[in-house]
Each structure stands twice: as structure tokens, then as C-alpha cells.
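Notes for the one structure printed next.
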Amino acid sequence: MYVLGIETSCDETAASIVKDGEAVLSNVVSSSLKEHKKYGGVVPEIASRMHLESITGVVDCSIKEAKIKLENINLVSVTCGPGLAGSLLVGISFAKSLSLGLGVSLLGVNHLHSHIYANFLNGEYLSLPFVALVVSGGHTTLFYVKDFDKIDVLGATCDDACGEAFDKVAKILRLGYPGGPLIERLAKSGNPKMQFSCSNTKEPLDFSFSGIKTAVLYLVHSKRLTVNEKKDIAASFQEAVIDTLIKKSLLACKLKKTKRLVIGGGVAANNRLRERFYSEAEKRGLNIYFPSRELCMDNAAMVAGLGYQLFNKGYKSGLDLNIDLN
Ligand code: KG4
Ligand code: ZN
Numbered sequence: 032m033y034v035l036g037i038e039t040s041c042d043e044t045a046a047s048i049v050k051d052g053e054a055v056l057s058n059v060v061s062s063s064l065k066e067h068k069k070y071g072g073v074v075p076e077i078a079s080r081m082h083l084e085s086i087t088g089v090v091d092c093s094i095k096e097a098k099i100k101l102e103n104i105n106l107v108s109v110t111c112g113p114g115l116a117g118s119l120l121v122g123i124s125f126a127k128s129l130s131l132g133l134g135v136s137l138l139g140v141n142h143l144h145s146h147i148y149a150n151f152l153n154g155e156y157l158s159l160p161f162v163a164l165v166v167s168g169g170h171t172t173l174f175y176v177k178d179f180d181k182i183d184v185l186g187a188t189c190d191d192a193c194g195e196a197f198d199k200v201a202k203i204l205r206l207g208y209p210g211g212p213l214i215e216r217l218a219k220s221g222n223p224k225m226q227f228s229c230s231n232t233k234e235p236l237d238f239s240f241s242g243i244k245t246a247v248l249y250l251v252h253s254k255r256l257t258v259n260e261k262k263d264i265a266a267s268f269q270e271a272v273i274d275t276l277i278k279k280s281l282l283a284c285k286l287k288k289t290k291r292l293v294i295g296g297g298v299a300a301n302n303r304l305r306e307r308f309y310s311e312a313e314k315r316g317l318n319i320y321f322p323s324r325e326l327c328m329d330n331a332a333m334v335a336g337l338g339y340q341l342f343n344k345g346y347k348s349g350l351d352l353n354i355d356l357n
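Numbering (our numbering), first residue to last: 32 to 357.
So, in C-alpha cells, the structure goes:
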């Protein structure tokens, strides 16, 4: 079964063809990042206009790269939220027209659940249930995944998302946007000697990242920093964020009595984070899973894959499919 996935929740216009929920035949991503850089973050109105310009070409390209024909598509799976309303609407409207035109089924899927599904595209065997951590630019959430349609939230951020904190700290350090990869690069040769930590939360599996961002802001104030000072701040911030992600994920595994921990989302591309999670998992006999770096970032292969699984469980959307921002 060939599924076309469409993803337009933020600044990436993405389309992919996945066969039987696991074989990625094409994975095309066009980002409007360049257009947002000068504003220091994604501008929703620009993002939706860029999706409109790119979507036809991106979908076309995904079909050509997969070496199939439009008529071979059996299902159109599309991200319906959470994300930017205008951006999601472009993907959903395109998916609806295509499914109607081809006479095939349509399915709206959750963006965070699809980040988890990216782990099923590695060709590795992964059995249910497990604890999943999604760390992206808009979300930081711990889930308990019993099945593809039975996913409970165990905890989430009370304020900023983890990726958002990376982006904001990068802005304070005047590094540019998006901040995650820039902080990671700088932190490599830094000394994590500053005492940063993430704030405690009322619920043990929730997260808070706005306090640590403010701590960096107060430390920097409007001082002119040397490159070495910036490196040390980046390394200290990154270690503190990873500490909290590890601590809470391990607690979730303990509470749910599982030895399987699955991670996804843009921040999961961070090498230091991957290294520290792997070493912690080894000490505790946990099995840990990450998608390939490419599939950590927003993409449509994860949308097509999850769509396949849910469709096989009997899920379908009608032409009244709407955005779901929760
Ligand atoms: O999942 P994603 O591509 O989009 C959303 O759904 O938000 O995640 C984007 C986020 C951005 O905040 C970006 O700074 C962060 O992921 N990110 C990273 C790294 N690469 C991307 N954060 C830390 N280290 C990285 N290497
Ligand atoms: Zn995402």
C-alpha cells in the first residue's frame, strides 16, 4: 500500500511516499527557513504563503522520486495539528483536493505522534508499549504509547518548549536562528562550568525551560561576551537541559515499568543529547531509540507511516477534516 504523506505544520513543506508503513520511497522537504532568518523566528504569515508556493512542486517531486504514478497512491495522510493554523490549512486543503480527485481515502494525523513514528522507519524492530519523549521547537512532551491510537500524555512543558529555549538562548548569545544546531556547535569546545539548572515543576513529569533562559539572559545582561564565554554558556545551558530531559524520561520509564524509551523531534538530532541518553540507558539496561537525524526534523515520511498504521485500524477522515491545534 502506497501512502502519500503531507506535512506543513511549521516552516517545512514536506511530502513523502511510504510503502506499507515502513519503506520510505521518497522524502522531500522544502524549507522556508531563509525567509524567516532575518526576523529571528518563524513568521506564520510568511510560512503559509511559502507553503502555497511550494506544495504542488514538493508533492510532484515526492511521486517522481518514489518512481510511482499518482494513480498508485492508496491513501493521503496529512498533519492536522498541532502547528501554525495557516500553514496546516494549506496542507489539509491540498490533501483533501488530491484525495477527492484520486478517489482515495484521507486521514489527518497528529504531528507529535508522527514524530514518535519516525522511530519505526529505521528498519529496527520496536515493540509496544514504550515511553516516548518528543522534543521539538513547539513541544516537549512525555507519552506512554500503548498502540498507535492509544497514546497518553504523561507530562509536558509548562512554559517554553525545549527547542524554543535553544532558539531563545541562541538569540541572547547573538548566534542566529535556528538556535539548536548553533548552540550544539559552540558547546562542543565549551566548559559546562556555569551552574544552570531547569526549574522544578509541580508535576514531576512536566518540564520548565523559561527559567533557565532568563538565567542566561541575566548572566549575559548586555555585556560583550568573548567567544570562550559564549562557548561556556552554551555548554552549561545544553548540559542542564539534557539533565532534566534524562531525569524525567527515566522517571517516566520507572513509573510505567518499561525498559523501552523512544525519542523524537528536532532537538533529538543533538549529538550530545544522543550520547548522554545512550550512556544513561546503558547503565540502567534500558533500550533507547532515536530516528535518523534527517527524520528527527519535520518530514512527511513519519506522517505517511503513521497514517498507514491508523488506516489499517479503521481510521479515516472526511472532507470536513479541520486543523486541530491541541
Ligand atoms: O521538530 P522540529 O523540526 O520542528 C517542530 O516541530 O518544532 O524541531 C525544530 C526545533 C528548533 O527549535 C531547533 O532549534 C531544534 O529543533 N533543533 C535542535 C537541533 N537541531 C534542531 N536543538 C538542539 N540541538 C540540535 N542539534
Ligand atoms: Zn515537529
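From the three backbone atoms N, C-alpha and C, an ideal C-beta is built for every residue, glycine too.
- Near ligand 2, meaning a Cβ closer than 5 Å to any of its heavy atoms, lie the following residues in chain order: S167, D329.
- For L304, the closest C-alpha among the options S136, E155, C193 is that of C193.
- Apart from the 5 residues on each side of it in sequence, F161 sits with its Cβ closer than 7 Å to the Cβ of V176, T289, R291, L292, V293 in its chain, given in chain order.
- In the three-state scheme derived from DSSP, where H, G and I count as helix and E and B as strand, F227 is classed as coil.
- For E325, the distance from the CB to the nearest heavy atom of ligand 1 is not below 7 Å.
- Nearest in C-alpha terms to G242, of all of F268, L173, L143, is F268.
- Relative to C41, the option among E306, A126, P113, N105 whose CA is nearest is P113.
- Beta-bridge pairing by DSSP links K181 to D178.
- Ranked by Cα distance from I123, the options L133, V107, G132, T172 are led by V107.
- For A300, the Cβ falls inside the 7 Å cut-off from some heavy atom of ligand 1.
- Around the beta carbon of E313, fewer than 16 other beta carbons sit within 10 angstroms, so the residue counts as exposed.
- Between the region 77-85 and the region 318-331 there are fewer than three C-beta pairs closer than 8 Å, too few to call the two in contact.
- If you ignore the 5 residues before and after C92, its C-beta comes within less than 6 Å of the C-beta of V59, all in its own chain and listed in chain order.
- Inter-segment contact for the region 140-158 and the region 246-263 is absent: fewer than three beta-carbon pairs are separated by less than 8 Å.
- Contact between the region 180-194 and the region 158-172 is present, with at least three C-beta pairs closer than 8 Å.
- Judged by DSSP secondary structure, I294 falls outside any alpha helix (DSSP H) and instead within the beta strand (DSSP E) spanning 291-295.
- With a threshold of 7 Å, the Cβ atom of E313 does not count as near ligand 1, since no heavy atom of the ligand is closer than that.
- Collapsing the DSSP output to three states places L173 in a strand.
- Exclusion of the five residues before and after E155 leaves Y320 as the residues of its chain whose Cβ lies within less than 8 Å of its Cβ.
- T232 sits in coil when the DSSP states are folded into three classes, being neither helix nor strand.
- Closest in alpha carbon position to C189, among N231, E43, N153, is N231.
- Using a C-beta cut-off of 8 Å, the region 39-56 makes contact with the region 94-110, since at least three inter-stretch Cβ pairs fall below that distance.
- With fewer than 16 neighbouring CB atoms inside 10 Å of its own CB, Y309 falls in the exposed class.
- Going by DSSP, N141 is part of the beta strand (DSSP E) stretching over 136-141.
- When DSSP reads this structure, K50 sits in a beta bridge with Y33, A54.
- Per DSSP, V247 is one residue of the alpha helix (DSSP H) stretching across 241-251.
- By the Cβ neighbour-count rule, G345 is exposed, with fewer than 16 other Cβ atoms within 10 Å of its own.
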